[in-house]
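Per UniProt numbering, the sequence shown starts with residue 1, numbered consecutively. One structure is given here, and the rest of the page talks about it.
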Amino acid sequence: MPDLAPGPVESSCRALRGRAASLSGNPFLVEGCLDHVEDALILIEDGRIASFGPYSDTADRIPPGVSVRHYENALILPGLIDTHVHYPQLQMIASYGEQLLTWLSKYTFPAELEFADQTHAERVAKLFFREILGAGTTTAAVYCTVHPGSVEAFFAESQRFNTRMIAGKVLMDRNAPAALLDTAQRGYDESKALIARWHGRGRQLYAVTPRFAPSCTSAQLDAAGALLREHDGLFLQTHLCETTDEIAWVMDLFPDRASYLDVYARSGLVGPRSIFGHAIHVSEDDFCTCHATGAAIAHCPTSNGFLGSGLFRMFDALDPRRPVRVGLGTDVGAGTSLLLLKTLGDAYKVAALRGTKLDAQRAFWLATLGGAEALRLDDRIGRIADGFEADLCILDLAATPLLGFRTGSCRDIDDLLFVLMTLGDHRMVRATWVAGECVYDRGRPNDPLRYPFPSDGAQP
Ligand code: GUN
Ligand code: ZN
Numbered sequence: 001m002p003d004l005a006p007g008p009v010e011s012s013c014r015a016l017r018g019r020a021a022s023l024s025g026n027p028f029l030v031e032g033c034l035d036h037v038e039d040a041l042i043l044i045e046d047g048r049i050a051s052f053g054p055y056s057d058t059a060d061r062i063p064p065g066v067s068v069r070h071y072e073n074a075l076i077l078p079g080l081i082d083t084h085v086h087y088p089q090l091q092m093i094a095s096y097g098e099q100l101l102t103w104l105s106k107y108t109f110p111a112e113l114e115f116a117d118q119t120h121a122e123r124v125a126k127l128f129f130r131e132i133l134g135a136g137t138t139t140a141a142v143y144c145t146v147h148p149g150s151v152e153a154f155f156a157e158s159q160r161f162n163t164r165m166i167a168g169k170v171l172m173d174r175n176a177p178a179a180l181l182d183t184a185q186r187g188y189d190e191s192k193a194l195i196a197r198w199h200g201r202g203r204q205l206y207a208v209t210p211r212f213a214p215s216c217t218s219a220q221l222d223a224a225g226a227l228l229r230e231h232d233g234l235f236l237q238t239h240l241c242e243t244t245d246e247i248a249w250v251m252d253l254f255p256d257r258a259s260y261l262d263v264y265a266r267s268g269l270v271g272p273r274s275i276f277g278h279a280i281h282v283s284e285d286d287f288c289t290c291h292a293t294g295a296a297i298a299h300c301p302t303s304n305g306f307l308g309s310g311l312f313r314m315f316d317a318l319d320p321r322r323p324v325r326v327g328l329g330t331d332v333g334a335g336t337s338l339l340l341l342k343t344l345g346d347a348y349k350v351a352a353l354r355g356t357k358l359d360a361q362r363a364f365w366l367a368t369l370g371g372a373e374a375l376r377l378d379d380r381i382g383r384i385a386d387g388f389e390a391d392l393c394i395l396d397l398a399a400t401p402l403l404g405f406r407t408g409s410c411r412d413i414d415d416l417l418f419v420l421m422t423l424g425d426h427r428m429v430r431a432t433w434v435a436g437e438c439v440y441d442r443g444r445p446n447d448p449l450r451y452p453f454p455s456d457g458a459q460p
């Protein structure tokens, strides 16, 4: 089978063939949203999906001279979407024994201090892209550090792969080591300069990123609100109600606010492009506010289990009477894996511990179209459908002997998807396509990545 990328390209048309599945609506709200085609043809023109349907019905649309990349014993899915992750924390993922606030000061802040060194930031950014593309993730909402250079390094790497990414400089003007603090004015100025440079450049989008209420003064939160008012289409990402100790601290720091969410609301930070990480210990009022304003929650189950933060109330959040937008986040380095398949397996366990059942269609919606809805990008990513950006993740159904054995006896697509999310394993990811180009191919000789990691031996 010819390898279509990298290499000289005569036309921008690409053709993929194989079994494919994609959600077209929210299965928490409506039934029958799964588009599943046993033998599909996906035609791509200029980075977008031009047609998706059964191979037998659509093969005559393949332009002359375009070879078809046939993925056998595989499943083609939309690229996976991570709605909450910290790329600078790769260095301290899997740090032992603490809950959130001690974990931050003991492990996280020291790792983030190293991003004063631009070379370090560039190395970690490269490693991050290598890891997520090898995990089938094509879009993420990403926290950088307080250093503008950390954002520069991140977006520069994203530009190379042409990935659709949301990221921003962390804002912190208190309760962290002095070398990690900005001020309300400096955070505003630096964010504004980064917005001018990166927001809307290619596929890059900017998120104003106050870390969380305890590390920001009211003046800084107000400055974040001003940035949102002054620019179109910006995102706001922060943390909300992750642990009970954190909530008590917020209520001490902001005694005149009605709730943790109200701290953000009073600075104009709760709106349709706001993404709140965790939201485990929120009230019914908070869910109503998120529903009414269109704000989203990033559910981060591997992180919540690892730090012992609590069990997110997924089915309450998605209650059809006032559904809140919910996506899935890995939250590395508190999360234990960048692989969204594994994160889905943990989301199932969190739901089970709450006495509920997260079925495979709902789970894969969370990792694809649900994530896109949470990020307000559901008109362009998260689906395999005509006109959508051609970000795809191809899973190998026989990546290991056990997987081949187990998937061989799957009765239907629901059964298959559930096995994939439960056994979530990096070896399953056979290829990742970004805007119509194959950027990761497990079988590519020398290096599976389109832009290899520098091999000078000096790993981050
Ligand atoms: N709350 C504030 N900062 C962080 C962080 O880096 N990770 C997590 N999980 N929670 C936070
Ligand atoms: Zn986080």
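Every residue, glycine too, gets a C-beta built ideally from N, C-alpha and C.
Given K342 as reference, the closest of A360, D57, N73 and R354 once Cα atoms are compared: Of the candidates A360, D57, N73 and R354, the one whose C-alpha sits nearest the C-alpha of K342 is A360.
Alpha helix (DSSP H) runs wholly inside the segment 159–208, at least 4 long, in chain order: Here the runs fully enclosed are 184–198.
At least 3 beta-carbon pairs within less than 8 Å: the segment 329–344 vs the segment 311–321: Result no; under three Cβ-Cβ pairs closer than 8 Å.
G233 - partner residues in DSSP beta bridges: According to DSSP, G233 bridges with nothing at all.
Assigned secondary structure, S22 (DSSP; H/G/I helix, E/B strand, else coil): Residue state, collapsed to three classes: strand.
Selection from R383, A390 and R430 that minimises the alpha carbon distance to H36: Considering only alpha carbons, the answer is R383.
As assigned by DSSP and simplified to three states, the class of N304: Of the three classes helix, strand and coil, the one that applies to N304 here is helix, per DSSP.
Nonlocal neighbours in the same chain, by C-beta distance under 7 Å from V170, ignoring five residues either side: These residues qualify, in order along the chain: Y143, C144, T145, V146, T209 and R211.
L277: first and last residue of the uninterrupted beta strand (DSSP E) it sits in: Here residue 277 turns out to be Gly, not Leu, going by the sequence shown. For G277, the uninterrupted beta strand (DSSP E) segment begins and ends at S274 to H278.
Straight-line gap, A196 to W433 (C-alpha atoms, nearest Å): Annotation: A196 to W433 spans about 28 Å, alpha carbon to alpha carbon.
Contacting residues, own chain, Cβ-Cβ under 8 Å from A56 (five flanking each side not counted): This sequence places Ser at residue 56; Ala is not what is there. Spatial neighbours of S56 in its own chain (CB-CB distance under 8 Å, excluding positions within 5 residues in sequence) are listed in chain order as D39.
Nearest residue (CA-CA) to T302, options I62, A351 and Y107: Of I62, A351 and Y107, the residue nearest in Cα terms is A351.
Nearest to V124 (by Cα), restricted to the options T139, F155 and K106: Minimum Cα distance to V124 is reached at F155.
Helix, strand or coil at V51 according to DSSP, with G and I counted as helix: Per the sequence shown, the amino acid found at residue 51 is Ser instead of Val. Strand, per DSSP.
Heavy atom of the ligand ZN within 7 Å of G277 beta-carbon: Distances from the CB of G277 to the heavy atoms of the ligand ZN include at least one below 7 Å.
Same chain, Cβ closer than 8 Å to Y440, five either side skipped, listed in chain order: Apart from sequence neighbours up to five positions away, the residues of its chain that approach Y440 with a beta-carbon distance below 8 Å are L133, G134, V429, A431, T432, P448, L449 and R450, ordered along the chain.
Neighbourhood of the ligand GUN [Cβ distance below 6 Å to any heavy atom], ordered by chain position: Per the Cβ criterion, the list is H86, L100, L104, T108, R211, F212, H239, E242, S303, D331 and A334.
Proximal residues to D456 (C-beta, below 6 Å), its chain only, five neighbours per side dropped: Here D456 scores only 48 on pLDDT, less than 50, and its place in the model should not be relied on; the value that follows carries that caveat. Within its own chain, no residue has a Cβ closer than 6 Å to the Cβ of D456 once the five positions on either side in sequence are excluded.
C-alpha gap between C393 and P78, whole angstroms: About 6 Å.
Close Cβ partners of Q91 (< 8 Å) along its chain, the five nearest in sequence each way excluded: Closer than 8 Å at the Cβ level, and outside the excluded window around Q91, lie A111, E114, V124, G333 and P460.
Segments of 3+ residues assigned as beta strand (DSSP E) that fall wholly inside the segment 102–162: Listed in chain order, the complete beta strand (DSSP E) runs (minimum 3 residues) inside the segment 102–162 are 137–143.
beta-carbon H299 near the ligand ZN non-hydrogen atom, thresh 7 Å: Taking 7 Å as the cut-off, one finds no heavy atom of the ligand ZN near enough to the beta carbon of H299.
N-terminal and C-terminal residue of the beta strand (DSSP E) that C393 is part of: Residue range L392 to D396 is occupied by the beta strand (DSSP E) that includes C393.
The segment 410–425 touching the segment 363–377, judged by at least three CB pairs closer than 8 Å: Verdict: yes, contact present.
Inter-residue Cα distance where the pair is T407 and H120: The straight-line gap from Cα to Cα measures roughly 41 Å.
DSSP three-state assignment for T343, whether helix, strand or coil: Reduced to three states, the DSSP call for T343 is helix.
Length of the line joining the Cα atoms of G168 and C410: If you take the alpha carbons of G168 and C410, they lie about 42 Å apart.
Rounded distance between the beta-carbons of L80 and T368, thought under 8 Å: At roughly 7 Å, the Cβ-Cβ gap stays under 8 Å, so T368 and L80 are in contact.
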